[in-house]
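Notes for the one structure printed next.
Have a look at this one:
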């Protein structure tokens, strides 16, 4: 099984250091209230202006700080910390927080970027107050949502809930409680998932992300009972769509390149699911094989074209490290 070694961590770090301060090309999530709001990314976001978009820069920094914690004596650590100290000043953090007070910023990066900022805060305590801004937004948002968003892209409810719940477990009882409550209301009665996927531009599996969320929310025996109802034939290879890596036809197309991320995030999900099931469960062997196949399909393609290079290493780290180190 592929291991997260220091050499591989150094490769991930080198890729990410190459884009977290690369301002262009850039895709803004930005509503203009007037002509004065037409500003460049660096002016709007003095920390998270790189990596093609705000959320990719945030989770690029999560990846860098996570790798520094996992490999504290690695050669890349000094470079990461020097750049961190230059960018993450109190003034720059205040400017990033102030962006949320803009008249049309309530849905800025909702919910994907919110959850990744919380994850980054877990590695960088200086962002704790900023993370709590987003946590308050998420408590309100989830409290108002009647239905989940079941998609394979940034709007996925379940993916954001996984990351936010991990952050909230020891920091924000209100957010942790609303995530657990919504997860049960939205997903607990799901049965016999057909898994009509992948979508053509997905980087998440709606079916497996839901299962991964419940693997983190439900006690072991309850999760086993739920999973056996949710995918009752997966031990015999059905639906095969969840066990077959996606084919990526054009890695220079940013949307099609999402499918490399799908392979990596599916690997992550299968590992979480397999570890949440009891020893000897029939699905464990299936999960292990699916993890290996999807990781092998995605890992060779984390570099080569900026469409994927600005974000894929983060999902490779998720897959290789799962379940997380405390």
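Residue numbers (the numbering used here): 5 to 330.
Glycine included, each C-beta is placed from N, C-alpha and C at the ideal position.
Am I right that residue i and residue j are in contact with their C-beta atoms under 8 angstroms? What's the rounded C-beta distance?
i	j	result
residue 318	residue 63	5 angstroms
residue 263	residue 250	4 angstroms
residue 168	residue 149	With 8 angstroms as the limit, residue 168 and residue 149 do not qualify as a contact, their Cβ atoms being about 13 angstroms apart.
residue 258	residue 311	4 angstroms
residue 191	residue 218	6 angstroms
residue 52	residue 100	7 angstroms
residue 255	residue 309	5 angstroms
residue 67	residue 321	5 angstroms
residue 117	residue 58	6 angstroms
residue 291	residue 277	5 angstroms
residue 302	residue 268	4 angstroms
residue 216	residue 273	4 angstroms
residue 333	residue 112	No answer is possible for residue 333: the residues shown for the chain start at 5 and end at 330.
Among residues of its own chain, excluding the 5 on either side of residue i, which ones have a beta-carbon nearer than 8 angstroms to its beta-carbon?
i	result
residue 245	199, 200, 201 and 202
residue 21	68, 80, 83, 84 and 87
residue 285	228
residue 253	260
residue 8	74, 321, 324 and 325
residue 288	278 and 281
With distances taken between CB atoms, is the gap from residue i to residue j smaller than 7 angstroms?
i	j	result
residue 160	residue 208	yes
residue 196	residue 139	no
residue 243	residue 164	no
residue 3	residue 221	The structure shown has nothing for residue 3, since the chain only spans 5 to 330.
residue 299	residue 271	yes
residue 135	residue 122	yes
residue 162	residue 214	yes
residue 107	residue 37	yes
To which residues of the same chain is residue i closer than 7 angstroms at the C-beta, ignoring the five residues directly before and after it?
i	result
residue 32	45
residue 10	75 and 78
residue 280	219, 224 and 227
residue 178	143
residue 17	68, 71, 80 and 84
residue 96	50 and 51
residue 282	224 and 228
residue 166	216, 217 and 220
residue 14	78, 79 and 80
Measuring from the CB of residue i, is there a heavy atom of the ligand GTP at a distance below 6 angstroms?
i	result
residue 180	The model on display carries no ligand, and the ligand GTP is accordingly not part of it.
Looking only at its own chain, which residues have a Cβ that is under 6 angstroms from the Cβ of residue i, when we skip the five neighbours before and after it?
i	result
residue 154	210
residue 146	182 and 186
residue 330	Low confidence applies here, because residue 330 scores a pLDDT of 35, under 50, leaving its location unreliable and the question unanswered by this model.
residue 61	24, 52, 54 and 55
Completely contained alpha helix (DSSP H) runs for the region 45–131, where each covers 4 or more residues: Segments of the alpha helix (DSSP H) lying fully in the region 45–131: 45–48, 58–74, 81–91, 94–103 and 116–127.
Entirely enclosed beta strand (DSSP E) segments - the region 178–215, minimum 3 residues: As far as the region 178–215 is concerned, it has no whole beta strand (DSSP E) run of at least 3 residues.
Those runs of the beta strand (DSSP E) which lie wholly inside the region 234–311 and span at least 3 residues: The qualifying runs do not exist here; there are none.
Uninterrupted alpha helix (DSSP H) stretches inside the region 151–179 (no shorter than 4 residues): Here the runs fully enclosed are 161–172.
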